[in-house]
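Heads up: the sequence shown begins at 130 in this note's numbering, then just goes up one per residue. Think of the CB as a built atom: it goes at the ideal place given N, C-alpha and C, for glycine as much as any other residue.
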Amino acid sequence: MTKYFVLSALLALPLMACKASELPKILAGYATTYEVAMPEPHTHFFEIRVRIDDPEVLKADHVDFKMAAWTPGSYLIREYAKNIEGLTATAGGKALNAVKTSKNTWKVTGHQGQPITVFYRLYAFEISVRTNFLDASHGYLNGAATFLYVPQLMNKKSLVKIVPHASFEKVSVALPEVSKNAFEAENYDLLVDSPFEIGNHELLEFEALGVKHRIANYSMEPLRYDRAKLIEDYKKVVTGSHNVMGGKHPCKDYLFIIHHLAAGGGGLEHLNSTTCQTSPRVYQDPARYESFLGLLAHEYFHLWNVKRLRPVALGPFDYESENYTHMLWVSEGFTNYYQSDILRRAGLIDVNRMLALLAGNIGTVENQYGNKVQSAAESSWDAWIKFYRPNENAQNSTISYYNKGGILANVLDMIIIGNTKGEKSLDNVLQNLYNDLYLKKDIGFTDEQFFAECSKVAGENLTEFFRKYVFGTETLDYARYFAMVDTDSDIRLANPNTPYFGAVARTGKVTRVDYGTGAYQDGINVNDEILETDGRPFTSVEAITAGKKVGDVAKVTVLRNGVQLTYDIRLLQDPRVRVTLTPKNSADAVAKKKFNKWMHIR
Ligand SMILES: [Zn+2]
């Protein structure tokens, strides 16, 4: 034991010295060079060296190194600097002063004009699409959470040299590889927008629309899928997405990083890639597989909507603080609408399924009381403090800009198709803005530019529509809008004769109380432990209403702060609605044309 300890301590010394040493120039021509090593992946630490070579910046008596506080696409301050430890700086063989001057800034002095190398260890053990992860099975890097930057050098080229652990064979990233495992980023924005997958993932390749696409499948469990069919479905998603925007595909190549995990989900969009989480069993489960294809369509469509066509606040970014916009209902909500629409265009779902998905989304929104409290524009603005930080009252006070924005996209699509007799659709709004603002000027749209383009394509002044339904919380006249595309919408109480308790308490502990229900009005609180209902031990919320009628009362005993309390809870009518959309199938040719345009029937 002792011997082993002494030996390992001796070995460790030169190794530590080596880690913190200066990074030699790997390739000339880069203002910033990064080296990312992972000698002990099971400890979850990346070891990073960043070298600054720019003579102008080095002239100054100090250089600030910063870490981003959030990553585009995920609107929450995540304080990535919290994962940095052991930061040191050197130049010309000498240790420099590196002093923290804010939560995410290190001020380096004493370099006397020489190239500076900063070394840091980066803890990476948060498995999400917006953070970093490293274990014995793989490494995953998000640029914003990984790379220190010097503000004056953000618009200059950088080089990233990955030194994979000996057990990792592949490095996949949507950046050009200039030498083995060394990748070039045109600027810091692109570096942040190019996640790295490092390990032994399965790599698939296909070509679509003249663009090379790669799929990096990470999984600890063996994946079982029909390779040819999977690639065929990816191609359908790609061409279906492109069908919305048309024109030249803006990517040189595109990378799907797919993390197959026992738990988790969701994705994050990037300029030329995406990272998505799904289950290793997704390929055997048709329902999950459909929603996986929807996720792929969502993230892929983002390469246009939000990564290129974007609100003014979303690029160029301030990486250190919140970037506010009223328009996430467009960036995320429209993408939510188009994810189903793309599957429909691609023939991956039929008309009935498409209508069921749209109806389901309306039900989700209309059954959430927060829809009457928070507008789509407010939901977007407050994403940073509300959507990404929901509390126990979120159902009563907020609405998702994904779901509400999806409905607004659908309704705008129907208005445009209806007004133009099936000649135009919401696609035209996006195409026009993309061509005029992104392709010609690479700038984002203002709220006013977006509203004006919608009105122009719809041939109708929509100012009042946006006031009521985007900045306001008025309920949409669904029947009127669906009629514009020859469809009946039926929205009615799903269970009018069923009594409703109004609280969620899966294991007896109340986690949510819905506004206006008996539980809300008659005294049940979040965190109450339901002990008994009508003298019987609690088993489920459903058991409270079993055998009762609307208007009956349930005697509910709860434990709150160690005190037992009993309440008479009125069991009111179940307020939830069900939405059904049915094609009218009119004989009229124009009506048919509108429906077919909306549902992509050729
Ligand atoms: Zn999205």
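C-alpha distance - residue i paired with residue j, whole-angstrom precision
i, j, result
"residue 186", "residue 532", "46 Å"
"residue 403", "residue 623", "38 Å"
"residue 412", "residue 282", "44 Å"
"residue 197", "residue 582", "34 Å"
"residue 432", "residue 424", "13 Å"
"residue 209", "residue 290", "21 Å"
"residue 292", "residue 727", "50 Å"
"residue 315", "residue 284", "8 Å"
"residue 155", "residue 369", "42 Å"
"residue 144", "residue 248", "Note that residue 144 has pLDDT 41, beneath the 50 cutoff, so the model's placement of it is unreliable and no number is given."
"residue 217", "residue 224", "8 Å"
"residue 183", "residue 160", "5 Å"
"residue 136", "residue 297", "Low confidence applies here, because residue 136 scores a pLDDT of 39, under 50, leaving its location unreliable and the question unanswered by this model."
"residue 430", "residue 363", "13 Å"
"residue 205", "residue 453", "11 Å"
"residue 461", "residue 534", "7 Å"
"residue 718", "residue 541", "22 Å"
"residue 672", "residue 495", "26 Å"
"residue 175", "residue 263", "8 Å"
Whole-angstrom C-beta distance between residue j and residue i, which should lie under 8 Å
i, j, result
"residue 126", "residue 352", "A query on residue 126 cannot be resolved here, the shown segment of the chain reaching from 130 to 731 and no further."
"residue 701", "residue 679", "7 Å"
"residue 237", "residue 253", "With a Cβ gap of about 23 Å, residue 237 and residue 253 do not count as contacting."
"residue 163", "residue 287", "7 Å"
"residue 756", "residue 648", "A question about residue 756 goes unanswered here, because the residues of the chain that appear run from 130 up to 731."
"residue 781", "residue 327", "Here the chain covers residues 130 to 731 and nothing more, so residue 781 does not appear."
"residue 576", "residue 709", "Not quite, the Cβ-Cβ distance comes to about 34 Å (not below 8 Å), so this is no contact."
With 16 other Cβ atoms within 10 Å as the buried cut-off, status of residue i
i, result
"residue 606", "exposed"
"residue 628", "buried"
"residue 388", "buried"
"residue 560", "buried"
"residue 491", "buried"
"residue 615", "buried"
"residue 428", "buried"
"residue 241", "exposed"
"residue 554", "buried"
"residue 308", "exposed"
"residue 474", "buried"
"residue 593", "exposed"
"residue 645", "exposed"
"residue 508", "buried"
"residue 399", "buried"
"residue 171", "exposed"
heavy atom of ligand 3 below 7 Å from residue i C-beta
i, result
"residue 315", "You won't find ligand 3 in this model; what it holds is ligand 1."
Residue i in three-state terms, based on DSSP
i, result
"residue 279", "coil"
"residue 301", "strand"
"residue 308", "strand"
"residue 569", "helix"
"residue 503", "coil"
"residue 491", "helix"
"residue 360", "helix"
"residue 170", "helix"
"residue 509", "helix"
"residue 715", "coil"
"residue 459", "helix"
"residue 726", "helix"
"residue 368", "helix"
"residue 526", "helix"
"residue 610", "helix"
Any C-beta of chain B under 8 Å from that of residue i
i, result
"residue 724", "Here chain B cannot be found, since the structure has a single protein chain."
inquiry  = Ignoring anything shorter than 3 residues, give me the beta strand (DSSP E) runs that lie fully in the segment 614-638, in order along the chain.
reply    = Secondary structure within the segment 614-638: the beta strand (DSSP E) runs of 3 or more consecutive residues, fully enclosed, are 616-622 (chain order).
ask   = Taking only runs of the alpha helix (DSSP H) that begin and end inside the segment 377-449, which ones reach a length of at least 4 residues, in chain order?
value = If we require 4 residues or more, the alpha helix (DSSP H) runs fully inside the segment 377-449 come out as 415-430.
task = Write down every uninterrupted run of the beta strand (DSSP E) in the segment 159-210 whose length is 3 residues or greater and which is fully enclosed by it, in chain order.
result = The qualifying runs are 161-166, 174-181 and 191-195.
Any alpha helix (DSSP H) of 4 or more consecutive residues that is wholly inside the segment 670-719 = 670-674, all fully within the segment 670-719.
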